[in-house]
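So the structure is just underneath, and the comments pick up after that.
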Amino acid sequence: MIQEKELSEKFTKLLQKLNDASDKKQMSMLLDHPWHSPNEGIWLKKRENLSIYGTEFYDYATEEERQRLSIMETATWWHTFVVFENLVTEYYLKIINHESLKAFPEVVRYMHHFCREEVTHALVFRKAMKHFNIPPFPVPDNLKDFYKDNASIIEFPLKAIFLTILMEWFAENNAMLDCNNDFVSPLSRAIAVEHHKEEARHIEWGKLMMREFIEVVPDFLDDAREYTAPFMRNLLDMATCNPETYDRVGFTHPAFQDYERLFETVLFSENRKQINRKIMEPLIRFFIEIEVYTPDYHEIWEAARFGEDIEFVLEKERRKIVENDNLLEIPISHV
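Each residue of the sequence shown is one higher than the last, beginning at 68 in the working numbering.
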């Protein structure tokens, strides 16, 4: 039984490090962000990561529309974080109160840290939207029902933990690519960077939980091999194209009225392909490690348009192996 599982020494040590890190420092909503930053004429994400960049639609847009798109696309993420991090907190607290994990008190201790940090994150994102005078966006039904559809407080919550870290890992990679640079508003960059410091720990905790418990949760792997690829593709495409953001920008060129063509152009652009590869590469390495991806399930990943990304990661791993095999052929430098 899961409740009788003895935790590995490696898991215990790494979990202690995560708990110690959260004990030592947690985000301050007031002190860790430059709320005095101006909110006029600024960009919230870098130009090259706009959804329309590298397409004809970028040329159709005015510079003012591009700048406004940077605000709306970033704000969409912020509002998604507000909603999702509240949902995560609500669900994890139910798990704690239901005592599904009471056999593992240090895991529960970290979940308390996790929830407290998520509450602060949601407050920061909400404050940022008010700072830039951005009203909330509509919440998709699949986000509102995320834990209702994918989780239970009765069973060991490994699937919910897995899907949560996928959401957070994907979102973090995206946010850091968009906002961690000198081009954007100092506030936008600080929000991304400070959030990443704690979310990186949340993601590592989720990866630890997967590595430790994946073998003792019946049918988890079989199910995950079926749903992970389409789940990730849906996340990528929904995060890239949002009609609400385009409506709020109010593009004047008539080409923007053809949403079907706009979406297809954006989703399949070479620029978006390269951004998505950067987002997905570390996740795919993890899927390969825990065998959520195996060659037997390659067709599912191919159907979800990840075939080239899988091959890209596998080829990098093959090159590493070859390089390691050839270490003895590398000449030794004379000091």
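Note that CB positions come from ideal geometry on N, CA and C, so glycine has one too.
Note that the structure is predicted; figures quoted are calculated from it, not measured.
Nonlocal neighbours in the same chain, by C-beta distance under 7 Å from residue i, ignoring five residues either side
i, result
"threonine 231", "Val155 and Gly273"
"tryptophan 236", "Ile270 and Leu350"
"methionine 96", "Thr187, Leu190, Val191 and Lys194"
"asparagine 86", "Glu173, Arg176, Tyr177 and His180"
"phenylalanine 287", "Leu225, Lys226 and Ile281"
"tyrosine 214", "Leu154, Tyr158 and Ala227"
"alanine 88", "Arg268"
Residue i versus the options, residue with shortest Cα-Cα distance
i, options, result
"phenylalanine 379", "Ile367, Arg344, Ala370 and Glu369", "Arg344"
"glutamate 265", "Thr79, Ser137 and Thr187", "Thr187"
"lysine 340", "Asp376, His365 and Glu356", "Asp376"
"isoleucine 119", "Phe148, Phe330, Glu356 and Pro349", "Phe330"
"asparagine 403", "Leu117, Phe192 and His269", "In the structure as shown, the chain starts at 68 and stops at 402, and residue 403 therefore has no counterpart that could be examined."
"glutamate 152", "Phe124, Ile346 and Met234", "Met234"
"proline 202", "Ala227, Val149 and Asp249", "Val149"
"alanine 291", "Ile357, Pro205, Asn309 and Asp304", "Ile357"
"aspartate 314", "Thr143, Leu74 and Met94", "Thr143"
"glutamate 173", "Val316, Thr79 and Tyr364", "Thr79"
"phenylalanine 353", "Met276, Pro310, Asp304 and Asn338", "Met276"
"methionine 66", "Leu210, Thr147 and Tyr294", "Because the chain in this structure spans residues 68 to 402, residue 66 falls outside the shown range and cannot be described."
"leucine 160", "Ala170, Met139 and Arg183", "Arg183"
"tyrosine 294", "Asn164, Ser137, Ser89 and Ala371", "Ala371"
"tyrosine 127", "Phe323, Ile162 and Leu334", "Phe323"
Own chain residues within Cβ distance below 6 Å of residue i, not counting five before or after
i, result
"histidine 401", "With a pLDDT of 38 at histidine 401, under the threshold of 50, the predicted position of this residue should be treated as unreliable, though the coordinate-derived value follows. Result list for histidine 401: empty, nothing under 6 Å."
"isoleucine 355", "none"
"cysteine 246", "Lys112, Ser255, Arg256 and Ala259"
Local Cβ density within 10 Å of residue i, reported as buried at 16 or more and exposed below that
i, result
"glutamate 76", "exposed"
"arginine 328", "exposed"
"threonine 361", "exposed"
"tyrosine 326", "exposed"
"phenylalanine 318", "buried"
"threonine 122", "buried"
"threonine 141", "buried"
"phenylalanine 107", "According to the sequence as given, residue 107 is glutamate; it is not phenylalanine. By the 10 Å Cβ count, glutamate 107 comes out exposed."
"arginine 135", "buried"
"histidine 320", "exposed"
"aspartate 363", "exposed"
"valine 283", "exposed"
"arginine 385", "exposed"
"glutamate 239", "buried"
"asparagine 309", "buried"
"asparagine 301", "exposed"
Extent of the continuous alpha helix (DSSP H) run through residue i
i, result
"valine 186", "172-198"
"glutamine 324", "From DSSP, glutamine 324 is part of no alpha helix (DSSP H); its letter is neither H nor E."
"valine 260", "253-280"
"phenylalanine 354", "337-356"
"lysine 211", "208-211"
"threonine 231", "225-246"
"glutamate 366", "365-370"
Same chain only: Cβ atoms within 8 Å of residue i, ignoring 5 sequence neighbours per side
i, result
"phenylalanine 280", "Ile69, Lys72, Phe223 and Leu225"
"tryptophan 102", "Lys194, His198 and Leu254"
"glutamate 261", "Met94, Asp99, His100 and Val191"
"leucine 394", "Residue confidence is low: leucine 394 scores 46 on pLDDT, short of 50, so the model does not pin down where it sits. No coordinate-derived value is stated."
"proline 207", "Met305"
Chain B within 9 Å of residue i, Cβ atoms only
i, result
"alanine 128", "This model lacks chain B altogether; it includes just one protein chain."
Any non-hydrogen atom of the ligand HEM closer than 8 Å to residue i Cβ
i, result
"isoleucine 270", "This structure lacks the ligand HEM; in fact it carries no ligand of any kind."
Problem set entry | Uninterrupted alpha helix (DSSP H) stretches inside the segment 285-318 (no shorter than 4 residues) | 287-307 and 310-316
Problem set entry | Complete runs of the alpha helix (DSSP H) confined to the segment 86-155 [at least 4 residues] | 123-127
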